[in-house]
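Worksheet for the structure shown next.
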Amino acid sequence: AVMGTPVSTGVAWVEVIARDLRGGAVSTGFRVIVGDGGALSDTPRDIWNFDHFGNTVRNPALESSFWGGSANPDEDPADNDTEYAFAGDPNTADDPGELGIVPDGLGNLELTYVRRSNDPNLGFRLQSSPDLDAWADFAGVVISEVATPLDAESERATLIVQAPAGFPMMHYRIVAEQQ
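Add 4 to a position in the sequence shown, counting from 1, and you land on the number used in this note's numbering.
What follows is the structure, encoded as structure tokens:
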């Protein structure tokens, strides 16, 4: 048995390694939320909030300006909901949710983006628009979708879609939503 007392609140990574007498080993890791005695939830979003905002998530007065879904403490183009869904950092000005689009050489388009992979309640939809005003779920053919893990919480999604015929220009975006 291994025991210890954490020295501060926060999210701690714990790695367990088991070794046999012949030198073989197997390991696994997990996160532990060390709180101050108050109730904490353990959903992926709650862990992310605590990871990025610490104990301020217990202060409802800071929800709208700092740690809530519509807050944007780093003042970049993305609110915290977008930062969460597209694996951004809400405390660093960046642009999560960027969609890369390149032709694949076969008349199709390759669309790539980074998304959160560890929240089963989060879904992603491809939308298209001919004019950036009227958006609708993509009604064309998705030839393939491949997810490549980046870390324990995120992955790079690559979609191959059939380029639409008859439109000189089509715009695309990814919409994230709780399911």
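Glycine is no exception: its CB is placed at the ideal position from the N, C-alpha and C atoms.
Please look up how many angstroms separate the CB atoms of residue i and residue j, rounded, as I've assumed it's under 8 Å.
i	j	result
Ser-121	Glu-157	6 Å
Asp-141	Arg-129	6 Å
Ala-82	Pro-100	5 Å
Asp-85	Gly-73	4 Å
Asn-95	Pro-107	About 36 Å; that fails the 8 Å criterion.
Assign residue i to buried or exposed, taking buried as 16 or more other Cβ atoms, counted over all protein chains shown, within 10 Å of its Cβ.
i	result
Leu-4	Since the first and last residues shown for the chain are 5 and 183, residue 4 lies out of range.
Arg-119	buried
Val-230	This structure cannot settle anything about residue 230, because the visible part of the chain is limited to 5 through 183.
Leu-115	buried
Val-165	buried
Pro-153	exposed
Gly-92	buried
Leu-163	buried
Asp-155	exposed
Asp-123	buried
Among residues of its own chain, excluding the 5 on either side of residue i, which ones have a beta-carbon nearer than 6 Å to its beta-carbon?
i	result
Val-20	Thr-32
Ala-22	Val-30
Gly-127	Glu-181 and Gln-183
Val-150	Thr-162
Kindly list the residues whose CB is nearer than 8 Å to the CB of residue i, restricted to its own chain and excluding five residues on each side of it in sequence; keep chain order.
i	result
Gln-131	Trp-139, Ala-140, Asp-141, Phe-142, Tyr-176, Arg-177, Ile-178 and Val-179
Asp-24	none
Met-173	Pro-134
Considering just the uninterrupted stretch of the alpha helix (DSSP H) at residue i, what are its terminal residues?
i	result
Ala-89	84 to 89
Asp-49	Position check: residue 49 holds Arg in this sequence, whereas Asp was assumed. From DSSP, the alpha helix (DSSP H) with Arg-49 extends over 48 to 57.
So, for residue i: in the same chain, excluding its five sequence neighbours on each side, which residues have a beta-carbon less than 7 Å away from its beta-carbon?
i	result
Trp-52	Tyr-88
Phe-57	Phe-70 and Trp-71
Please report the residue range of the beta strand (DSSP E) in which residue i lies.
i	result
Ala-143	First-last for Ala-143: undefined, no H or E at that position.
Val-61	Run containing Val-61: none; DSSP gives neither H nor E here.
Glu-181	175 to 182
Leu-163	158 to 166
Leu-154	Taken as a continuous stretch (DSSP letters only), Leu-154 belongs to no beta strand (DSSP E), as it is neither H nor E.
_Whole alpha helix (DSSP H) elements within the region 67 to 118, 4-residue minimum_ = Runs found: 84 to 89.
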